[in-house]
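A.B. asks: The sequence shown: position 46 = 127 (this note's numbering), numbered continuously.
Note that the Cβ used here is the ideal one computed from N, Cα and C, for glycine as well.
Here's a structure for you.
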Amino acid sequence: MRHFEKTSEKTKKFVGKTIFETDRIPFKIRCRKDIRAKIFTFLFFASIPIFSFENNAISILFSILFILFFLFVILYETYYESREFVYKIEFENEKINIFGCNYDKDWVESFEIKKVNIKIKKHIAKFGRIIGYSIEFKNGKKKITLNKLHNWNNFTLYQIFNEFKKLKDEKIIIDEKSLIDGIKKKAEEEGEWKN
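What follows is the structure in structure tokens.
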């Protein structure tokens, strides 16, 4: 469960070009923020073996291995989730340009909109609460996920999805409608919605 502060986002429209962007977050800061969010979960699981009733050598060894395992899982997941980061989406005529960082090295992917599919994913916490949404762009085997770190504004995600559908000249299907309505509702709840 990751909750980053929503950063300042900009939407720019030029003739034949629409740009959506958020602040760039360096790799170390992305990892640090993600670790902070997961540390409470780690402390909970680490306390389970500590409060076990047996205090023999096997129990202590098991406790240490249990803690090390969860620490490894948390660090690996943080490292993996934080390495790739999308900070800018640019719609230009019939192309989509996606700007991002792999660690701190910049990259740009350009695709023809007609050859790209878009998908909204809903992220739900263990207790059923919606954490946020992400948008996945897929072109053949290449898949790029926007908002993996939950740092994009929900209103901006709503705009990006609708702009993509409009440029691709695709209708929003029933499954997508419920997800896009969910993004709108989340944006309204968090005070991000703009009329």
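(1) Pick helix, strand or coil for TRP173, following the three-state DSSP scheme.
(2) So LYS267 packs on ILE211, CB below 8 angstroms; how close in whole Å?
(3) What did DSSP end up calling GLN184 once you bin it into helix, strand or coil?
(4) According to DSSP, which residues form a beta bridge with HIS204?
(5) When the distance is taken between beta carbons, is LYS98 closer than 7 angstroms to GLU173?
(6) Considering only DSSP beta bridges, list what THR226 is partnered with.
(7) With a threshold of 6 angstroms on Cβ separation, who are the neighbours of PHE192 within its own chain once the five nearest residues in sequence on each side are excluded?
(8) Quick one: Cα of LEU264 to Cα of CYS182, how far?
(9) Is the distance from the Cβ of SER215 to the Cβ of LYS196 below 7 angstroms?
(10) Assuming LYS186 contacts GLU102 (C-beta within less than 8 angstroms), just tell me the rounded distance between them.
(11) Would you give the residue range spanned by the alpha helix (DSSP H) that GLU162 belongs to?
(12) Here's a check: name, in chain order, each residue in its chain whose Cβ is nearer than 8 angstroms to the Cβ of HIS204, leaving out the five neighbours to either side.
(13) Measuring straight from C-alpha to C-alpha, what distance separates TYR157 and ARG164?
(14) Start and end of the alpha helix (DSSP H) containing GLU244?
(15) Need the endpoints of the alpha helix (DSSP H) that LYS258 sits in, please.
(16) Helix, strand or coil: how does DSSP classify LYS98 here?
(17) Measure the C-alpha to C-alpha separation of LEU253 and PHE150 and round it to an integer number of angstroms.
C.D. replies: The short version:
(1) Per the sequence presented here, residue 173 reads as Glu, with Trp not at that position. Residue state, collapsed to three classes: strand.
(2) Contact check for LYS267 and ILE211: beta-carbon distance about 6 angstroms, within the 8 angstroms limit, so the pair qualifies.
(3) Reading off the sequence shown, one finds Tyr at residue 184, where the question assumed Gln. In this structure, DSSP gives TYR184 a state outside helix and strand, which the three-state scheme calls coil.
(4) Answer is GLY213, bridged to HIS204.
(5) Result yes, Cβ atoms of GLU173 and LYS98 sit closer than 7 angstroms.
(6) According to DSSP, THR226 bridges with GLU217.
(7) Same-chain partners within the cutoff: ILE177 and ASN220.
(8) One point to set straight first is that residue 264 is Ile, not Leu, in the sequence displayed. The straight-line gap from Cα to Cα measures roughly 25 angstroms.
(9) Contact: no.
(10) About 18 angstroms separates the two Cβ atoms, so there is no contact after all.
(11) 138 to 164 is the extent of the alpha helix (DSSP H) around GLU162.
(12) Once the five neighbours on either side are set aside, the close Cβ partners of HIS204 are ILE211, ILE212, GLY213, TYR214, SER215 and HIS231.
(13) Spanning the alpha carbons of TYR157 and ARG164 requires a straight line of approximately 11 angstroms.
(14) Looking at the DSSP string, the run of the alpha helix (DSSP H) that includes GLU244 is 235 to 249.
(15) Here the alpha helix (DSSP H) through LYS258 covers 255 to 270.
(16) Of the three classes helix, strand and coil, the one that applies to LYS98 here is strand, per DSSP.
(17) A small fix is needed here, since residue 253 is Ile in this sequence, not Leu. The alpha-carbon atoms of ILE253 and PHE150 are separated by roughly 43 angstroms.
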